Structure formats: C-alpha cells, structure tokens
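Chemist:
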Amino acid sequence: MSRFSLSARLTLFFSLIVLLVTTTLSAVVFYQFGEKINQQIERNLTDTADHKAAEISNVLLFERTNLLSWRASSVMLDVVVDDLDKRITTELINLKQYYQLQGDLYVFNAAGVLIASTQPDVLKTQLPPAWQTQQDYALVFKHEVPFINGSVIAHVTALKPPQLKTQGYLVMTHSWEDISRLLAPKDSSFALHKAHEGNQGSADLFTTTGVQTIEINDDFSERPLWIFDGISYLGSISKSVSVGDFSFQIAAFMPKKLALEPLLELTKNLLLAAALVGVPMIVLVSLLSRLLVTPIKKLTATIRTIEDSNDLSIKVPVSGRDEVADLGHAFNRMTTRLGELFHKFLVVEKELEDLNLSLERQVIDRTQQLQDALLKLQSAQTQLVQSEKMASLGQLVAGIAHEINNPIGAIYANMPPLEEYIDDIKGTVEFAQSCMDGPNAQKLNAHMAQIDYTFVTDDLAKLLNSQKQAADRIRNIVLSLRNFSRLDQGEVKTVRLEEGLDSTLQMLQHNYKDRITVEKDYALNEMVECYAGELNQVFMNILANAIQAIPDKGRIFITTAKMNDQAVVSIADTGTGMPDEVRKKIFDPFFTTKEVGEGTGLGLSISYGIIEKHQGMLTVESELNRGTRFIIAIPLRLIKDA
Numbered sequence: 001m002s003r004f005s006l007s008a009r010l011t012l013f014f015s016l017i018v019l020l021v022t023t024t025l026s027a028v029v030f031y032q033f034g035e036k037i038n039q040q041i042e043r044n045l046t047d048t049a050d051h052k053a054a055e056i057s058n059v060l061l062f063e064r065t066n067l068l069s070w071r072a073s074s075v076m077l078d079v080v081v082d083d084l085d086k087r088i089t090t091e092l093i094n095l096k097q098y099y100q101l102q103g104d105l106y107v108f109n110a111a112g113v114l115i116a117s118t119q120p121d122v123l124k125t126q127l128p129p130a131w132q133t134q135q136d137y138a139l140v141f142k143h144e145v146p147f148i149n150g151s152v153i154a155h156v157t158a159l160k161p162p163q164l165k166t167q168g169y170l171v172m173t174h175s176w177e178d179i180s181r182l183l184a185p186k187d188s189s190f191a192l193h194k195a196h197e198g199n200q201g202s203a204d205l206f207t208t209t210g211v212q213t214i215e216i217n218d219d220f221s222e223r224p225l226w227i228f229d230g231i232s233y234l235g236s237i238s239k240s241v242s243v244g245d246f247s248f249q250i251a252a253f254m255p256k257k258l259a260l261e262p263l264l265e266l267t268k269n270l271l272l273a274a275a276l277v278g279v280p281m282i283v284l285v286s287l288l289s290r291l292l293v294t295p296i297k298k299l300t301a302t303i304r305t306i307e308d309s310n311d312l313s314i315k316v317p318v319s320g321r322d323e324v325a326d327l328g329h330a331f332n333r334m335t336t337r338l339g340e341l342f343h344k345f346l347v348v349e350k351e352l353e354d355l356n357l358s359l360e361r362q363v364i365d366r367t368q369q370l371q372d373a374l375l376k377l378q379s380a381q382t383q384l385v386q387s388e389k390m391a392s393l394g395q396l397v398a399g400i401a402h403e404i405n406n407p408i409g410a411i412y413a414n415m416p417p418l419e420e421y422i423d424d425i426k427g428t429v430e431f432a433q434s435c436m437d438g439p440n441a442q443k444l445n446a447h448m449a450q451i452d453y454t455f456v457t458d459d460l461a462k463l464l465n466s467q468k469q470a471a472d473r474i475r476n477i478v479l480s481l482r483n484f485s486r487l488d489q490g491e492v493k494t495v496r497l498e499e500g501l502d503s504t505l506q507m508l509q510h511n512y513k514d515r516i517t518v519e520k521d522y523a524l525n526e527m528v529e530c531y532a533g534e535l536n537q538v539f540m541n542i543l544a545n546a547i548q549a550i551p552d553k554g555r556i557f558i559t560t561a562k563m564n565d566q567a568v569v570s571i572a573d574t575g576t577g578m579p580d581e582v583r584k585k586i587f588d589p590f591f592t593t594k595e596v597g598e599g600t601g602l603g604l605s606i607s608y609g610i611i612e613k614h615q616g617m618l619t620v621e622s623e624l625n626r627g628t629r630f631i632i633a634i635p636l637r638l639i640k641d642a
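Under full-length UniProt numbering, the first residue of the sequence shown is numbered 1, with each subsequent residue one higher.
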C-alpha cells in the first residue's frame, strides 16, 4: 500500500470524524456535570469528617468516663502513703490489661512525684508541667513528656477525697500514634484540628505521603480549594466535638485529581463508545480495499502462514486459469509431497523417543531396586550384629551378676549386726565412764582424748553409711545385670500401650511438671499383646533420658499409631540431642555419657533387648542441639515360635 492510497485516505477521514465527536461530548460533560460532582464530593467530605470526629471523640470520652470512675476507687486512697503495699500499681496494671488500653496509667502524689505506673522503670519521676492543672479534669492535647517515647494525648484528674484537699493526680495517656492510625488516609486525607476561635488554628495533616503541620485560618465555606506541597485538594471540616473543656474538629481532604476521576471515567467511556463506532467503519474501509489485492498477495500470505505454523496441509486458494493459477497448483503439489516426507520423519522420530524413554525407565527401576536391596541388607546386617552382641553379653553378664551377688549379699547381710555391735560398744564405754570416779575416770578420759574417741565414733557411723550406700549401688548394678540377662522371662498380657505411657509419666511427674510440657497424640487405641511390665521399663528408660536431656524448659511429644499391623510409639524431646558418634553407641551395654555413679549404661541396652524380644525394632533419630526421637515398633500380636 502506497503512502497516499485510497485505504489510507479513508482511514484518516473517519478517524478525524471520531476525534471531533469525542472532543465535543467531553466538553459538554465537563461543563454540565463538573459543578454537581464538586458539590457532592464536598457533602461526602463533610460526612466523612463528622464520622472521623465522632470515632475519635468516642475513644476519648470512653477513656475520660473510665478515668473519672477509677479515681473513686478505694485503692486510690493509698496515694497518701505513696503506694507502699503496691496496691495502686497492681490496680493500674489490671486496668490496663482488662481494658486493653493503648497508653499507660500514672499516679502522682500531692508533691508531684510518680508513685505508681504501668511503666515500672519511670517511678520517682516528677509531674510534667503539661499535666499540672487546677481543674477537676483536663485533657491535654498532643504533647511530649521526657519519659514517654513519641507524642501522646493525656487525661488528667485530681485524686481528691470528699472534704479533703487534693492528694494526688491520676493520668491516662493515649499514644498519638494510635490517633494517627485512625486518621491514616484511605480514600481521603485527614487533619486533626484543635479548635480555638472559629475554625482557626494549627492541625496535623495525614496524607499518603506522610504527616505535616498546616495552618487553618479561613472559613472552609469560603475556601473550598486547598494546596499542600503543590497538590490541589477539596476540603470540608466537621462540627466541633468536645471532650470535657477540650474541643477539636476533623478536616477531610481529597485530591482534586481524585475527585475528578468519575468525570474522567465518564469521558473515557465516551471515547470508548466513539472507538466502538469508528473501528467497525475503519474495518469496513479496510475490507473494501482488500478486494483490490491481487492473487499474488494471497499466495504470499499463504506462504507466510505455512512458515509460521509449519503446517504443510494448508493450500493456496486458486481461482482462474492464468499463470498465477498454474503457480498456485504447482505450489500445492510441492507442499503435499513435503508433507508426506515430513510425516514419515515424525513417525521415525517418535519411535526413537519411545525407545529411549523405555530404556531410561528400565535403568531407573533397576537402580531403585538395587538401592532398596542395599538398604535392606544394611539394616539386616546392623540388626544381626546387635542381636549377636546382646545375646553374647546376656550370657556374660548373667555370670558376672551371679559372682558379684554372693559376696555383696554377705556384705549387705552383715551391715545391720555391725551397726548394732558398734552401738553396744559405744554404750558400754559411756556406761563405764559414768561408773568411774577419781583416778580411773581421769585415766579413761585421757585415753579417750588420746584416741579422739568422739571423732572415731562419729567417723565410724559415716564410714558405715558410706559402705551401705556402696553396697546398695552394687546391688542395683547386679539387679540391672540380671534384668539384662533375663529378657526371655515375664508374663504376656493384652494391654493398651497408652495406659503404660500415662502411668510412667505419672511416676516421673515430679521430675518435669514445672518445666516440661508433654504433648500427646494417641491414635493407636488398640489392645496389644506384649510383656507389659518390660515395655513399661522401656518407656521409663526413654522418658527418663528425655527429661534429663532438657536442661531448662522444653517439650516432650508422645504419639501412638497403627502401621501395617504394628503398634508404633514415638517419643521425641526438644533437648540437647547428641552427635552421630554417641547415637551409634547408645544401645551398647555400659555405654553412658553421664558422670561416674549417675548411670550404669544398661538402660537402653535392656530396652533394645526387650523390643527385640517383642519381635520389634527400636530406632533413634537425633540432631545436636535440636532434640532426640525414639521410635518403638512392635507387632500387635506376638508371633508364636518366633
């Protein structure tokens, strides 16, 4: 198409018509409806300002009513003794929490010294000058005091019992930041204006770009347009609202640009309507021009379509019997032949892709099978080594326990008679001492002093007690060894594992009740065939270790569940956890991380044997400084002859 073609001239002509109609309609709309929209916006701004003023007034009146009520409380009489028993402080804290106050409460004595506050770190502060008033109640507008961050509004009332002079002051603050949130601009900007004479005074203006101080010196009815930071606003002010002797107003502003948006939107709609009329006309002109295009252009368009879509089935529409028609037929035959060859190529390519995907899946499946087999083999090897180790140690410790038990039994049996004999000897010496007098008594006393008789008798009692504790320690170790070597004994019962867990927690409650929270998720709730007493011993060992692993406050999580005909118990803690080198050894007999004398190192070894006896598995997961988790999995029913 040339620059001055018929199609170009028709398009330009109709575009000028649409532009002329659109401009005329826009001018009429601005002239007829602009003033009405401004009046409606002014009414809306007045309603918005009144609503915001009422909202802030309700907050301040609510606080004022509460403050005047609280000052009559009998607790406030303690102001005369400077709140020695802290009753006023407690009352202030309770009031702040109950009423969810935004600010703080303060009580000053008659000398202006702060004696009670919901801010305990500011006691003994002097009454700020802004809060000094002779009135029964005063509301102090936006101001700052040294011991409060940011600006506040303060309610001040005198504590003055009947027939007495002022004993102090009760003050409630409300953060200016909260007032700022109430005035945060959404569709409109707001200015909080403290009224003086008429509508004059300074105000804080809240806009989307921040807060600034403005001066209101003219009547709003005479000055509907305001300019702040180079931006024009429409504005209106609320009625004056009073809280006590304090009055204020709210001014609402809306950017003039935003106010004119409905008018601009209407204009855009008119332009759109004009476009909807003009575009079809332009399209019609374009269609007429296309009727003049030669068949060569159709062929060119078809070639471009095939190039873009790679679709060789597209044919060139052919009409007539001239050379152009022959060219079109030849082109169609060529695309048909190319399409057949391309189809054969795609079939071969698809077969190769399918074969490649099949081989990849086979490799992935075989690799996964090998990995699963390796994991099962490693797990079986670990369990076999542990089982053989436990069986060998069971025989060894049974013999050791028997050999130790005989001599320690004799020692333990001789302790009571030995204590009685020592008591008899002490009694005899004291009796002889009381029966002697003269030189014999002096000789006896001298001999007793020479051997330090009092120290010997006292130390002898300590030695016997130490011997007894050592014997008890050895007997407990022997008992643990015997339990370790007799895991095949016990009575099979059908019980709920949750009951055993709860009873174990009850026995250990004194060790954790003030610092550890136990969270339970019991989802098993099914009878389990087991050696109940031995399982409770496992629960006791694991829970005791979990409690000891939590140095301060923490949590223990206990869950039960049923998985594939197995009862699964998980006990996790938020304790110190353990490194891998410790985790790998915790089921070894006599391995312990505790101090000498605090543990035998047999608890978890015995627990492992008990779970193995139940044809189950005991596993552990742990991460240093993150906590530990023990997982017990046993069948719901014991397999006979297993």
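Note that CB positions come from ideal geometry on N, CA and C, so glycine has one too. Since we're looking at a predicted model, the values are computed, not measured.
Quick one: what does DSSP say SER73 is sitting in, helix, strand or coil?
Modeler: DSSP places SER73 in coil when its eight states are reduced to three.
Chemist: Which of helix, strand or coil does DSSP assign to ASP365?
Modeler: helix
Chemist: For PRO635, collect the residues of the same chain with a Cβ closer than 7 Å to its Cβ; drop the 5 residues on either side in sequence, then sort them by chain order.
Modeler: ASP565, GLN566, GLN615, GLY616
Chemist: Excluding the 5 residues preceding and the 5 following ILE550 in the sequence, name in chain order all residues of the same chain whose CB lies nearer than 7 Å to its CB.
Modeler: ILE516, ASP573, THR574, GLY575
Chemist: Tell me whether the region 495-503 and the region 462-470 touch, counting them as touching only if at least three CB pairs, one residue from each stretch, are closer than 8 Å.
Modeler: no
Chemist: With distance defined between alpha-carbon atoms, name the residue in ARG361, LEU159, VAL538 nearest to LEU602.
Modeler: VAL538
Chemist: Alpha carbon to alpha carbon, how far is ILE231 from ALA252?
Modeler: 15 Å
Chemist: Please report the straight-line C-alpha distance between ILE411 and THR428, rounded to a whole angstrom.
Modeler: 25 Å
Chemist: Determine the contact status of ILE115 and LEU123, defining contact as a CB-CB distance below 9 Å.
Modeler: yes
Chemist: Count the C-beta pairs between the region 503-512 and the region 581-593 that are closer than 8 Å, then say yes if the count reaches three, no if not.
Modeler: no
Chemist: Can you tell me whether DSSP reads ALA184 as helix, strand or coil?
Modeler: coil
Chemist: Please report the straight-line C-alpha distance between LYS239 and ASP47, rounded to a whole angstrom.
Modeler: 10 Å
Chemist: Using only the alpha-carbon positions, how far apart do GLN371 and LYS594 sit?
Modeler: Approximately 38 Å between the Cα atoms of the pair.
Chemist: Is DSSP giving LYS553 helix, strand or coil here?
Modeler: coil
Chemist: Under three-state DSSP, which class holds ARG486?
Modeler: Because the pLDDT of ARG486 is 45, which lies under 50, any placement of that residue in the model is unreliable, and the number read from its coordinates should be weighed accordingly. For ARG486, the secondary structure class from DSSP, reduced to helix, strand or coil, is coil.
Chemist: Of the choices GLU529, GLU526, GLY533, THR166, whose alpha-carbon is the least far from that of SER503?
Modeler: GLY533
Chemist: Distance check for ASN44 and ASP178, CA to CA, integer angstroms please.
Modeler: 25 Å
Chemist: Alpha carbon to alpha carbon, how far is LEU346 from ALA301? Give it in angstroms, no decimals.
Modeler: 26 Å
Chemist: Does GLU420 pass the burial test, meaning 16 or more other C-beta atoms within 10 Å, or should it be called exposed?
Modeler: By the 10 Å Cβ count, GLU420 comes out exposed.
Chemist: Kindly give me the distance between the Cβ atoms of VAL107 and ILE88, rounded to whole angstroms, as I take these residues to be in contact under 8 Å.
Modeler: 5 Å
Chemist: Count the other CB atoms within 10 Å of the CB of residue 643; is the residue buried (16 or more) or exposed (fewer)?
Modeler: No statement about residue 643 is possible, as the shown extent of the chain runs from 1 to 642 and does not include it.
Chemist: Report, in whole angstroms, the separation of the C-beta atoms of THR560 and LEU524, which I expect to be a contact under 8 Å.
Modeler: 4 Å
Chemist: Can you tell me whether ASN445 is buried or exposed? The criterion is at least 16 other CB atoms within 10 Å of its CB, across all chains shown.
Modeler: exposed
Chemist: Apart from the five residues on each side of it in sequence, which residues of its chain come closer than 7 Å, Cβ to Cβ, to GLY627?
Modeler: ALA572, ASP573, THR574, GLY575, GLY577
Chemist: Count the other CB atoms within 10 Å of the CB of ALA373; is the residue buried (16 or more) or exposed (fewer)?
Modeler: exposed
Chemist: Would you kindly report the start and end of the unbroken beta strand (DSSP E) that includes ILE610?
Modeler: Here ILE610 belongs to no beta strand (DSSP E); instead the alpha helix (DSSP H) covers 603-613.
Chemist: Distance, Cα to Cα, ASP458 vs ASP423?
Modeler: 11 Å
Chemist: What does LEU618 pair with, by DSSP beta-bridge criteria?
Modeler: ILE632
Chemist: Does the Cβ of residue 689 have 16 or more other Cβ atoms within 10 Å, making it buried, or fewer, making it exposed?
Modeler: No information on residue 689 is available, as it lies outside the stretch 1 to 642 that the chain covers here.
Chemist: Got a sec, what are the start and stop residues for the beta strand (DSSP E) TYR99 sits in?
Modeler: Not the beta strand (DSSP E): TYR99 falls in the alpha helix (DSSP H), residues 87-99.
Chemist: If you measure between the beta carbons of VAL75 and GLU63, is that distance less than 9 Å?
Modeler: no
Chemist: Kindly indicate which three-state DSSP category ASP151 falls into: helix, strand or coil?
Modeler: Reading the sequence as shown, one finds Ser at residue 151 and not Asp. Coil.
Chemist: Could you tell me the alpha carbon to alpha carbon distance between ARG304 and GLY339, rounded to whole angstroms?
Modeler: 16 Å
Chemist: What is the rounded straight-line gap between the Cα of ASP521 and the Cα of PHE557?
Modeler: 8 Å
Chemist: Given residue 644, which residues of its chain have a CB within under 6 Å of its CB, disregarding the five upstream and five downstream residues?
Modeler: There is simply no residue 644 to check, as the chain begins at 1 and stops at 642 in what is shown.
Chemist: Cβ atoms of ALA111 and GLN135: under 9 Å apart, would you say?
Modeler: no
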